[in-house]
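Asks:
Residue numbers (our numbering): 668 to 1436.
1) Quick check on the burial criterion: 16 or more other C-beta atoms within 10 angstroms. Buried or exposed for residue 1287?
2) Measure the CB-CB distance between residue 980 and residue 1148 and report whether it falls below 8 angstroms.
3) Bridge partners for residue 1357 per DSSP, in chain order?
4) Can you tell me which of the three DSSP states residue 766 falls into?
5) Please report the distance separating the alpha-carbon of residue 760 from that of residue 743.
6) Does the region 1020 to 1037 touch the region 964 to 983, meaning 3 or more C-beta pairs lie closer than 8 angstroms?
7) Can you tell which of 1299, 1383, 1257 and 944 has its C-alpha closest to the C-alpha of residue 1363?
8) Would you mind stating whether residue 1042 and residue 986 have Cβ atoms separated by less than 8 angstroms?
9) Can you check the region 1022 to 1083 for any beta strand (DSSP E) of at least 3 residues that lies completely inside it and give the ranges in chain order?
10) State yes or no: is the C-beta of residue 918 within less than 8 angstroms of the C-beta of residue 925?
11) Mind pulling the alpha helix (DSSP H) runs of 4 or more residues that sit fully within the region 1174 to 1252?
12) Taking residue 967 as the reference, which of 751, 1199 and 1033 has the closest Cα?
13) Against chain C, with Cβ distances strictly below 8 angstroms, would residue 1139 count as a contact?
14) Is the region 947 to 967 in contact with the region 1072 to 1081, if contact means three or more CB pairs nearer than 8 angstroms?
15) Report yes if the CB atom of residue 1121 is closer than 8 angstroms to the CB atom of residue 1109, and no otherwise.
16) Under 8 angstroms by Cβ, that's how I've got residue 947 and residue 1062 pegged, so tell me the actual separation to the nearest angstrom.
17) Taking only three categories from DSSP, how would you classify residue 828?
18) Could you spell out the range, first to last residue, of the beta strand (DSSP E) harbouring residue 1165?
19) Give me, in chain order, the residues of the same chain whose beta-carbon lies closer than 6 angstroms to that of residue 1412; leave out the 5 immediate sequence neighbours on both sides.
20) In chain order, what are the residue ranges of uninterrupted beta strand (DSSP E) at least 3 long that sit wholly in the region 730 to 783?
21) If you follow the alpha helix (DSSP H) that residue 701 is in, where does it begin and where does it stop?
22) Which residues mark the beginning and the end of the alpha helix (DSSP H) in which residue 874 is found?
23) Can you give the Cα-Cα distance for residue 801 and residue 893, rounded to whole angstroms?
24) Cβ atoms of residue 1103 and residue 1144: under 8 angstroms apart, would you say?
25) Just checking residue 968 against the ligand FMN - is the residue's beta carbon closer than 7 angstroms to any of the ligand's heavy atoms?
26) Using alpha carbons as the reference points, say which of 888, 989, 1387 and 1254 lies closest to residue 964.
27) With three or more beta-carbon pairs closer than 8 angstroms as the criterion, would you say the region 1208 to 1225 touches the region 1185 to 1200?
28) Give the list of continuous alpha helix (DSSP H) stretches no shorter than 4 residues that lie fully inside the region 911 to 992.
29) Leaving out five residues before and five after residue 1249 in sequence, what residues of the same chain have Cβ atoms less than 7 angstroms from its Cβ?
30) With 16 other CB atoms within 10 Å as the buried threshold, where does residue 1485 fall?
31) Since residue 1201 and residue 1376 should fall inside the 8 angstroms C-beta cutoff, what is the C-beta to C-beta distance between them, to a whole number of angstroms?
32) Spatial neighbours of residue 1031 within its chain, please: C-beta separation below 8 angstroms, excluding the five flanking residues on both sides.
33) Could you tell me which of 1098, 1069 and 915 sits nearest to residue 1078, measuring between CA atoms?
34) Would residue 1193 and residue 1204 be called neighbours here (beta carbons separated by less than 8 angstroms)?
35) Under a three-way DSSP split, which group does residue 1133 fall into?
36) Please classify residue 1280: does DSSP put it in a helix, a strand, or coil?
Printed below as a string of structure tokens:
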């Protein structure tokens, strides 16, 4: 064919093959080529792809069909492409366009193999078009008989890249082009089949989800019409977990449960358990902490305003505040992964303010307060929670307390920790070991949550009436602060400052309408109640206010009106009356209600058979103390002027209040004194009280509860108290006003008690049997 001189139009984003009609936007270079074609080359030009590294070797001869503007207003030209042409060297030409020599490529003869390849390619193209439902294009393609023209229709294929189309343009051989196109089209069909399969699966999944969504929305509307509210699980748990302020480990565990929930059906019972667990985790205040008050003087003022006395507790709380404030100043809030929490045990009789102290401490610190009652708890799961596999599983009381408080550093009051029981369901006291151990509770793990919960910043305050029932391992983890009871002056002050205003308000009367004298308060404390706390006094005052409120107001509650309002005195001094005969001694004891005076009576019975009878519902330890006391008296009978004949008679030892169980070794010296008093006929002085364990050699051994016993002695009107020598340091805890009312005798041997506690003998010799 004859070589042509044509202007060149280089195209950036499109590759033109023979047999195409396409619009081309015109820039300055393109417009120059179009103008040159229209004026100097019979409307023809050479269209070639623009390459980055070289000039194209092939292009197509194209004629300019039309020049105009596109819909957007930009100039464009419509080109009709013809034969391939090799691009030769550049030549000169008119206008601003680039001119080259273009040698059209001659067609090669078509062989049978080429026709077979053309038919194969036509089938593949028809398959592609059928997938697109391009029926008119299928008819056009089917009508093409020329293999070269059929191969060049690939210029319209959207699945071929410009690089592949340029490769087809630069391949004059028809067979090579068809082989390449068949391979590419087969790959495209295989890829399309996979894509269609995935798309079908996605479409079915989306349709299923849309169907389920529609059904759920309909169900929600039906529930709303029925007034049943929304079904469980309507919330987006994934979004809630992502939005919550959770530690990394907790967030990871929650996301695992969310994945399980999203892959389970609503009919799966595990879905309900997962929702409940997620709700519990999201409701816990993982990152919430309250700021402590650092004003120590204001803290002490709050404690003093809420409670009278209790200096040891108040000092401990102020110390805790001071240390915590100093740690905060020095950036030591967390040391070794542990916060600055504490575990305090308030031990004392009922009614002394242990429980109310917890609320006062929380208010002093500026923390949340939550109370956990442990009285009668026998199930370990109450503390550590149930396993999630159980029906109705719940977290333990500790986790529920943190959730209720709404912060990770509340004041948690563990009320009545001494009354925790144990049975076949486990030992709750053992479950408390981890909770109340400052070395472990920063990773407390509840059975329900199965997540580490940091309790190291919690201030635990446990309360107890007696210490004997608390397991030693648990007791060792707590800091003991004893609240042993109030003196008579304390009770009067508490009643005046706290009880009377509160009870007047409950009785709907004012302080101007009803006045209570201090003498009346002292009379109630001394002769109407005999307790360590003030609950009995509170009940009597409430009774008096109720009755006086029905009379003419204003009124004054004085000592003379107490009989009419609350009856006659219930407790009068009885020591002198009880010890008026030989064989009765006044001992001091501690019960769950506080200190008490214990009268021990001894009697010599007729007969010649040696025996010892014990009554008064005594425990084993107290029975052994009686046997030791008798053995000591037998061994030292001659020293006290006791004849052997007296010891041959039966003896009866009784501790009144026989319905009340009694145990402990501290009545040993009292039993010994009662026996010597009986056998020598010398009365025990009425003002004497004593306590201490006695040994077979007469040594007086230490006991516990000194403060409570001295308070009880003062309430009972005793003035001379005998204490073991090794209990002398315990006197430092006794209020000064109590020690001022008592003469405390420190003894190390029971002989020192017997020498001064017994009245002089009025009849020579021992009392006859």
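All residues carry an ideal CB built from backbone N, CA and C; glycine is no exception.
Replies: To lay it out plainly:
1) exposed
2) yes
3) Answer by DSSP bridge pairing, in chain order: 1254 and 1389.
4) strand
5) 23 angstroms
6) Taking 8 angstroms as the limit for Cβ pairs, the verdict is that the region 1020 to 1037 does touch the region 964 to 983.
7) Of 1299, 1383, 1257 and 944, the residue nearest in Cα terms is 1299.
8) no
9) 1036 to 1040 and 1078 to 1082
10) Result no, Cβ atoms of residue 918 and residue 925 do not sit closer than 8 angstroms.
11) 1185 to 1190, 1202 to 1215, 1229 to 1233 and 1242 to 1245
12) 1033
13) As a matter of chain content, chain C is missing from the structure shown, which is built from one protein chain.
14) yes
15) yes
16) 6 angstroms
17) coil
18) Unbroken run through residue 1165: none, as it is neither H nor E.
19) 1389
20) The DSSP assignment places complete beta strand (DSSP E) segments of no fewer than 3 residues inside the region 730 to 783 at 742 to 758 and 766 to 771, in order along the chain.
21) 695 to 707
22) Element bounds for residue 874: 841 to 893.
23) Residue 801 and residue 893 have their C-alpha atoms roughly 52 angstroms apart.
24) yes
25) Summarising the ligand content, the structure contains no ligands, and the ligand FMN is consequently not present.
26) Checked all of 888, 989, 1387 and 1254; the closest Cα to residue 964 is 989.
27) yes
28) 915 to 929, 936 to 950 and 963 to 973
29) For residue 1249, where only same-chain residues beyond five positions count, the Cβ hits under 7 angstroms are 1344, 1345, 1348, 1349, 1350 and 1434.
30) Beyond the ends of the chain as shown, which are 668 and 1436, falls residue 1485; an answer cannot be given.
31) That pair is no contact at about 19 angstroms.
32) 960, 966, 969, 970, 984 and 988
33) Considering only alpha carbons, the answer is 1069.
34) No, the pair does not count as a contact, with Cβ atoms beyond the cut-off.
35) coil
36) strand
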